[in-house]
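Okay, so here's the structure we're looking at.
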Amino acid sequence: MSDPLTDPLTDPVAASVPDGLAQAPVAVVSASSLDVGSDRIELIDSVGVEASKDDQGEHGASQAGHADGSTTAALGRLRRVVKPPIHWSDMGLDQRKEGMRRLGLPAFRADQISRHYFERHETDPATWSDLPQAARAQVMEFFPELLHDLVDRLADGGTTVKSLYRLFDQVLVECVLMRYPRHARSELGGEADDRSTSPGVRSTLCVSCQAGCGIGCPFCATGQAGLQRNLSAGEIIEQVRRAIVALNSGDLPLGAGNLNNVVFMGMGEPLANYRAVMTAIRAICAPVPAGFGVSARGVTVSTSGMVPRIKDLAGEGLPLTLAVSLHAPDDGLRDELVPLNRRWPVAEVLDAARGYFETTGRRVSIEYAMMRDINDQGFRADHLARLLNARGSGWAHVNLIPLNPTPGSKWTASRRRDEADFIARLESHHITTTLRDTRGQDIDGACGQLAARFS
Ligand code: SF4
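Numbering (our numbering), first residue to last: 4 to 458.
Okay, structure coming up:
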């Protein structure tokens, strides 16, 4: 019998998906294709939590995403995926300098190259005339094309753009760029970074951090597809760079502008892919030439409730906005809507969210998708308000998300009157409440609609 931890031809999870956690088929990798070396292979569990040797002990990561928390059971679900090629944006400063040394180039070239990528958003070394001709060819190896354009779909008069990309292993991911007149409230949380070349406009990018998602929320198109794999930091950062290029070009409606907000609300559970997401966030927020210079206050990380990782995030020393996808205040319903609740129930998730506020001073966004006759009853609004108020005042606000209308489906949008009653009840308990304006519904680009299908 093959060893599931060492045999790349094996998919050990196929027959052992934990209760409620979705699993997509994984492309079988032939041994002959593994010319990238063993360090380009990653062990992940069924929600995408890394379980490489150096991570298991430190964070208990191999248990982190499992309803039963059993190490043995978790190991039985581990599988191997081949990682994407390493990109300049995956590397830290020391790695970049080491890369220069290996190529026989002086260390200062690392700074030059970073300026091309993070300041001028360029990826073709052949055009970099400040590098010697021979060096241009050498540094090509750091700029593999990570995202291949398949199609951009427009909605809302062109102010919403959903981009579908194919990755190196044929996996598909999507991200959504949304532009708003500046007077409009940010529908996706966080504070706008106010630097803009188009002062009347704000731009928000909703990025994906995994191909698919293993959490398996039954109302979510991404969750139905299951998890394919984690994205690398470079694959996340490239989504951002491409959005910046599109915004700077002036070709989009509302004119040229900067990227003000990045929200990790696309495909995947960001805290299940913690290391890559944090590398990406640092690159997004660091000033040029180490990063794109987006304000950390404009970055939102949305989680379905991975409690240990919420605590880790609080300790990162960054003023990020945390969004918690709660969707139900009672464990009975939340066990069904967000299967991860069986591992970390409502009270633990809210305690961790409150802890995040205490550590960072950043108000937490409680996300609540309104589903007709499922979770939109008045008594649940009262229950939610009591849970939040029991942990103090002013530390969280509730962001209600109208589910996308799917007539005839069990999972469809609430009635307007139920929505209004839910808001009124929360506000009567002094809970600040907002109702998100759904964007991109007609291109399946709204919340819970990203399924990365190409048709
Ligand atoms: S709602 Fe979020 S956590 Fe749940 S399946 Fe969809 S992408 Fe994953």
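In this text, a Cβ means the ideal position worked out from N, Cα and C, and glycines have one as well. Treat the numbers as computed from the prediction; the structure is a model and nothing was measured.
In angstroms with no decimal places, state the Cα-to-Cα distance between A129 and G260. 27 Å
The alpha helix (DSSP H) enclosing L387, as first and last residue numbers: G381 to N392
Counted within 10 angstroms of its Cβ, other Cβ atoms place M309 as buried (16 or more) or exposed: buried
Quickly, what does DSSP pair N402 with across the bridge? List them, please. E370 and T437
Count the other CB atoms, across all protein chains shown, that sit within 10 Å of the CB of A399; report buried if there are 16 or more and exposed otherwise. buried
Range covered by the alpha helix (DSSP H) that runs through P311: V310 to A317
Are the beta-carbon atoms belonging to I506 and H124 less than 7 Å from one another? Any answer about residue 506 is impossible in this case: the structure gives the chain only from 4 up to 458.
Please tell me whether, using a cut-off of 6 Å, the distance from the CB of S368 to the nearest non-hydrogen atom of the ligand SF4 is below it. no
Any chance the CB of T435 is under 6 Å from a heavy atom of the ligand SF4? no
Spatial neighbours of A214 within its chain, please: CB distance less than 6 Å, with the 5 preceding and 5 following residues excluded, ordered by chain position. V174, V176, Q231 and R232
CB-CB under 8 Å to R375, same chain, minus the five flanking residues each way: which ones, in chain order? L406, T415, A416, S417, R418 and D421
Excluding the five sequence neighbours on either side, which residues of its own chain have a C-beta within less than 6 Å of the C-beta of L438, listed in chain order? L403
Drop a sphere of 10 angstroms on the beta-carbon of Q136, count the other beta-carbons inside from all chains shown, and report buried for 16 or more, exposed for fewer. exposed
Do A299 and L321 have their beta-carbon atoms positioned less than 7 Å apart in this structure? yes
Taking V243 and L208 to be in contact with their CB atoms under 8 Å, please state how far apart those CB atoms are, rounded to whole angstroms. 6 Å
Can you give the beta carbon distance from S305 to F267, rounded, assuming they're within the 8 Å contact cut? 6 Å
Those residues which DSSP pairs with T303 across a bridge: V266 and T324
I'd like to check one pair, L329 with Y359: are the Cβ atoms closer than 7 Å? no
Over the uninterrupted alpha helix (DSSP H) stretch that includes I89, give me the two end residues. Where I89 is concerned, there is no enclosing alpha helix (DSSP H), given that its DSSP letter is neither H nor E.
Cβ shell of H283 (< 7 Å), same chain only, five flanking positions each side left out: For clarity, residue 283 is Ala in the given sequence; the question names His instead. Cβ within range, chain order: A236, I239 and I240.
Classify R442 as buried or exposed, calling it buried when 16 or more other Cβ atoms lie within 10 Å of its own Cβ. buried
Among L391, D440 and K413, the one whose alpha carbon lies nearest that of E430: L391
Looking only at DSSP bridge pairs, what is T3 linked to? There is no way to answer for residue 3, as the model of the chain reaches only from 4 to 458.
What's the C-alpha gap between M281 and H433? 34 Å
Can you say whether L316 is buried or exposed, counting buried as having 16 or more other CB atoms within 10 angstroms of its CB? buried
Could you tell me the distance, in whole angstroms, from the CA atom of T409 to the CA atom of C223? 12 Å
Is K165 helix, strand or coil when you go by DSSP? strand
Within its chain, find whatever has a CB closer than 8 Å to the CB of A249; leave out the 5 residues flanking it on each side and keep chain order. V164, L180 and L255
Measure the C-alpha to C-alpha separation of E101 and R278 and round it to an integer number of angstroms. 21 Å
Examine the ligand SF4 and report whether any of its heavy atoms sits within less than 6 Å of the Cβ of G215. no
In or out: G294 buried (at least 16 other Cβ within 10 Å) or exposed? buried
With hydrogens ignored, establish whether the beta-carbon of I287 is closer than 6 Å to any heavy atom of the ligand SF4. no
Beta carbon of R428, beta carbon of G381: below 7 Å? yes
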